[in-house]
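In what follows, a single structure is set out as structure tokens and then discussed.
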């Protein structure tokens, strides 16, 4: 990984895999955290918590030199599909699902730079649904008592110092540093 930015990992089923599609919540987070943190996608369509547990050491190796600052875990939709009479399929009984999510959290907590994980579930999201997810993630990150704080406004912006190479102001006698501009966003995230 380049630089010393925090790394956020989105880990889950199709909700996560599709988070970068169709106005999803993944690019909204990547946009909000541009020049502040790297957002990594680890989404696997059709997966349940059983499959996730099978690959935890591969997806989150404890000896990796770069450890995530935040892992957002998003499983539950496939686990909650009605059980098939054959016993096949993604259904996971609720007690096992809860236990699996606990095991995922415990695995992540053992990591050196563990902060926390945000657990949620749902169905595939529209752009509006994705905005709700981003809003909730930002709310948790803003209210969390973590050191360092991982809310986007609290993180330093990479290469934010003023430069003679920045845009020239309308007066023409100075430059304007655009590194903190958010005018391109449809939603003024807090």
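Residue numbers (full-length UniProt numbering): 1 to 190.
Virtual Cβ for every residue (Gly too), placed ideally from N, Cα, C.
{"Item": "Tell me the DSSP secondary structure of residue 20 in three-state form.", "Value": "helix"}
{"Item": "So for residue 95, helix, strand or coil by DSSP?", "Value": "helix"}
{"Item": "Under the rule that 16 or more other beta-carbon atoms within 10 Å means buried, what is residue 22, buried or exposed?", "Value": "exposed"}
{"Item": "Going straight from the alpha carbon of residue 14 to that of residue 40, what length do you get?", "Value": "15 Å"}
{"Item": "List the endpoints of the continuous beta strand (DSSP E) containing residue 12.", "Value": "7-12"}
{"Item": "How many Å lie between residue 52 and residue 153 at the Cα?", "Value": "32 Å"}
{"Item": "Specify, as a first and last residue, the run of the alpha helix (DSSP H) that residue 32 falls within.", "Value": "25-32"}
{"Item": "Compare the C-alpha of residue 71 against each of 12, 143, 136 and 78 and name the closest.", "Value": "12"}
{"Item": "Where does residue 68 land, buried or exposed, given buried means 16+ other C-beta within 10 angstroms?", "Value": "buried"}
{"Item": "Going by DSSP in three states, residue 50 sits in which element: helix, strand or coil?", "Value": "helix"}
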